[in-house]
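Novice: This structure is in structure tokens; I'll ask about it shortly.
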Amino acid sequence: MPVPNSSVHQSRFSSAFTLSASRGLSALGGQIAITILPVAVFLMSHSMALAGLVLGTRLLVSTGFTPISGLFVDRFNPKLLMAISLTGRIILFAVMAQIHAIPWLTLLAAVTAVGGMLESTSTSTLIPRLVPDSALPKVNAIVSSALNLSFIVGPLLGGILVSKASVAWGFYAASGSQILSLICTLYIPSKTTQQEVVSTRSKLEQGNLDETNGLDESSRTESMMQQLLGGIQYAFSDRFLRTMLTAYSVFIFGLTAFNVLALGLSFHFHRGSSGYGLLIAIQAIGMLAITFGSTRWLKNAAVVPMFLLNMPLQGLAMFAIGLSHSFSLVAVFSFLQGLGWGMEQASVMTVLQLHIPRDLQGRIFGLFFASLNIAETLGISVFGWLGQRIGDSNGLLVAGCISTFCAVLSIALLRPLLQPMPE
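Under my numbering, read the sequence shown as residues 323 to 745, first letter to last.
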């Protein structure tokens, strides 16, 4: 007896919520850990420079391994990889609670970060396998909302645990969140939409069956390095992906200026660190308003316009923050930038998932996440240095100009390549 469409629909969205809970809880532990890691290093060494070096090393290692993690996602079951990663993070976070040697703490922090990027890549690859193309926008919005909550709650919870208990209890809490995430992961179904429905993208790819089958057959005999290089070669030979890895990454590079320079701007307006926290919170409210709203009201036809409009909105908001002559104006434009950020989160993954062939999604997503990590790392370093030389407001103006220019360039290059969303 065939399964009613409503039951299939509910099953798919139930799977999406389970995946969102898994990813959100995993990210919550990661945010707790990254909040208390510099505190732990500072308490051991009394050096903020060393704490920054540990965080930089962690990011560098995870960035280097992200494309490789994408290859594993393409070769193996993403759900199994997530379960293995979470099991490792459960153990490592608990071990970090007992470690008092900075080199070992740095090593374990880097390994847990690699696991986190593996889970990010696995999640991005799993979503189009669990739901049909028409459901991708809302499901991606659900996952983004779960991540956004973890990005807000994680640092708050980490700070409370360190101040009220100890660093060790913070790492134990991070480990506990991974246990909950693992439980959710085990409930993610193994059956995918490839076995249930023929997606719109699959229909479009029927004309390339010979090429796809040849890729599948060759992938069985190619070495891992050949497959990794093949994924990179494909990404840079595709005009859409090449633009996302270059102009779009530079756009993200400009946006990171806010993370560094808004603190100095807050002190300039005599609001101190509390003012900076308020700006981050206001930005997060705008971001969450879009992603939460998208889970219910986002129409598929709005995905492509939302993806294109978020870029100039964020770039111009950054430029306006640099021009602002009062803290109130900074807060207003921070909210607008948060709205743009939410639009980006609600649309960019859907656009990528529809464009990238499924057998290459792990490698391409790994490469994409690595390029964003590099852009953010360079942005924090460059704009931190630039803010000291020309002032925080001028630094934000430069960042706004860079992001707005790259936004316009990206729109011009990407718009002809974007297809309408399936209904």
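Note that beta-carbon positions come from the ideal geometry of N, C-alpha and C, so glycine has one too.
How is R593 classed by DSSP in three states: helix, strand or coil?
Specialist: Three-state result, R593: coil.
Novice: Mind checking which residues open and close the alpha helix (DSSP H) that includes I453?
Specialist: The residue you asked about is not Ile; residue 453 is Val in the sequence shown. Note, V453: premise wrong, no alpha helix (DSSP H); not H, not E.
Novice: Pick out whichever of R680, R564, M671 and V489 has its Cα sitting closest to the Cα of H422.
Specialist: Nearest of R680, R564, M671 and V489 to H422, Cα basis: V489.
Novice: Just to confirm my understanding: we take F558, look at its own chain, exclude 5 residues before and 5 after, and list those with CB closer than 8 Å. What are they?
Specialist: Correct list, in chain order: R564 and L567.
Novice: Cα separation between I390 and G437?
Specialist: Using only the alpha carbons, I get a separation of about 12 Å.
Novice: Is the stretch 611-619 in contact with the stretch 451-463, if contact means three or more CB pairs nearer than 8 Å?
Specialist: They touch, by the three-pair rule.
Novice: Taking G476 as the reference, which of G346, S648 and V654 has the closest Cα?
Specialist: Ranking the options by Cα distance to G476, first place goes to G346.
Novice: Return yes when at least one heavy atom of the ligand ZN lies under 8 Å from the C-beta of L620, else no.
Specialist: In the structure shown, the ligand ZN is absent, as is every other ligand, since no ligand is present at all.
Novice: So does the stretch 482-498 actually touch the stretch 348-357, counting three or more Cβ pairs closer than 8 Å?
Specialist: They touch, by the three-pair rule.
Novice: If M640 sits next to L577, beta carbons under 8 Å apart, how far is it from one beta carbon to the other, in whole angstroms?
Specialist: Rounded, the Cβ-Cβ distance is 6 Å, consistent with contact.
Novice: Mapping DSSP to helix, strand and coil, what is N581?
Specialist: In this structure, N581 counts as helix in the three-state DSSP scheme.
Novice: Could you work out which residue in L359, P400 and M547 is closest to L483 when comparing CA atoms only?
Specialist: Selected option, being the one with the closest Cα: L359.
Novice: Hey, could you find the ends of the alpha helix (DSSP H) Q548 is sitting in?
Specialist: Q548 -> alpha helix (DSSP H) spans M546 to S559.
Novice: From what residue to what residue does the alpha helix (DSSP H) around Q500 run?
Specialist: Counting along the chain, the alpha helix (DSSP H) containing Q500 begins and ends at V489 to L508.
Novice: By how many angstroms is the C-alpha of G410 removed from the C-alpha of S646?
Specialist: If I take the Cα positions, the gap works out to 47 Å.
Novice: Whole angstroms is fine: what's the gap from D396's alpha carbon to M671's?
Specialist: The straight-line gap from Cα to Cα measures roughly 17 Å.
Novice: Alpha carbon to alpha carbon, what distance is there between S344 and S336?
Specialist: If you take the alpha carbons of S336 and S344, they lie about 12 Å apart.
Novice: What's the C-alpha gap between A642 and A692?
Specialist: The straight-line gap from Cα to Cα measures roughly 29 Å.
Novice: Between the beta-carbon of I612 and the beta-carbon of A653, is there less than 9 Å?
Specialist: Not in contact: I612 and A653 (Cβ atoms no closer than 9 Å).
Novice: For the stretch 643-699, list the alpha helix (DSSP H) runs that are entirely contained and at least 4 residues long, ordered along the chain.
Specialist: The stretch 643-699 contains these whole alpha helix (DSSP H) runs: 649-677.
Novice: Looking at I510: is its Cβ nearer than 9 Å to the Cβ of K401?
Specialist: Their beta carbons are under 9 Å apart, which means I510 touches K401 by this criterion.
Novice: For V625, which residues from the same chain have a beta carbon less than 6 Å from its beta carbon, with the 5 sequence-adjacent residues on both sides left out?
Specialist: The residues are P459, S669, T672 and M743.
Novice: Going by DSSP in three states, I421 sits in which element: helix, strand or coil?
Specialist: Residue state, collapsed to three classes: coil.
Novice: Looking only at its own chain, which residues have a Cβ that is under 6 Å from the Cβ of N535, when we skip the five neighbours before and after it?
Specialist: For N535, the predicted structure reports a pLDDT of 46, less than 50, and the residue's modelled location is therefore unreliable. The matter cannot be settled from this model.
Novice: For the putative contact between A349 and I474, defined by C-beta atoms under 8 Å, what is the C-beta separation to the nearest angstrom?
Specialist: Incorrect: roughly 11 Å between the Cβ atoms, too far for contact.
Novice: Would you check if the stretch 441-448 and the stretch 361-380 touch, i.e. whether three or more CB-CB distances between them fall below 8 Å?
Specialist: The stretch 361-380, when compared against the stretch 441-448, does not touch it at the 8 Å Cβ threshold.
Novice: Rounded to whole angstroms, what's the CA-CA distance from R711 to L583? Just pull it up for me.
Specialist: Each residue's alpha carbon lies about 12 Å from the other.
Novice: G553 and L372 - do their beta-carbons sit closer together than 9 Å?
Specialist: Taking 9 Å as the Cβ cut-off, L372 and G553 do not qualify as a contacting pair.
Novice: Could you tell me if Q516 is buried or exposed, where buried requires 16 or more neighbouring beta carbons within 10 angstroms of its beta carbon?
Specialist: Here the model assigns Q516 a pLDDT of 49, short of 50, so the residue's position is not dependable, and the following value carries that caveat. Under this definition Q516 is an exposed residue.
Novice: What is the residue span of the alpha helix (DSSP H) that N470 lies within?
Specialist: Where N470 is concerned, the enclosing alpha helix (DSSP H) stretches over L458 to K486.
Novice: Go through its chain and collect everything with a Cβ distance to L739's Cβ below 7 Å, but skip five positions before and after it.
Specialist: Contacts found: R561 and F562.
Novice: Can you tell which of G608, L689, T340 and L587 has its C-alpha closest to the C-alpha of Q555?
Specialist: Q555 has its Cα closest to that of L689, out of G608, L689, T340 and L587.
Novice: To the nearest angstrom, report how far apart E533 and H677 are at their CA atoms.
Specialist: Below a pLDDT of 50, predicted positions are generally treated as unreliable, and E533, at 43, falls in that range; no measurement from the model is reported.
Novice: Which of the three DSSP states is assigned to L740 in this structure?
Specialist: In this structure, L740 counts as coil in the three-state DSSP scheme.
Novice: Is the beta carbon of L408 sitting closer than 9 Å to the one on V417?
Specialist: No. Outside cutoff.
Novice: Less than 8 Å between the CB atoms is what I'm expecting for G684 and T447, so what's the real figure, rounded?
Specialist: Right, their Cβ atoms sit about 5 Å apart.
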